[in-house]
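All remarks here apply to the structure that follows.
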Amino acid sequence: IKMYTDSISDIDILRFSDEGVAVNPDRKLAKVAIDENFELVNWN
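Using the numbering used here, you'd call the opening residue of the sequence shown number 39 and step up by one each time.
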């Protein structure tokens, strides 16, 4: 399962997924994504 999210409130399902992608993350989500090796993308 590949999970895309732009919200830290989805962190549990992001961790559950096979591939997590943080889309346009705020600082909090970006930090978690970096710490847990999720992909970060900007779709602006």
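Even glycine gets a Cβ: it sits at the ideal position worked out from N, Cα and C.
Model, not experiment: these values are computed from the prediction.
Could you please give the first and the last residue of the uninterrupted beta strand (DSSP E) stretch that includes residue i?
i   : result
E57 : 57 to 61
Is it buried or exposed, residue i, if we count other Cβ atoms within 10 angstroms and call 16 or more buried?
i   : result
F54 : exposed
On the DSSP letters alone, give me the boundaries of the alpha helix (DSSP H) that residue i sits inside.
i   : result
F76 : Here F76 belongs to no alpha helix (DSSP H), and DSSP marks it neither H nor E.
I51 : 49 to 54
My understanding is that residue i touches residue j, with C-beta atoms under 8 Å, so please give their C-beta distance in whole angstroms.
i   : j   : result
V70 : I49 : 6 Å
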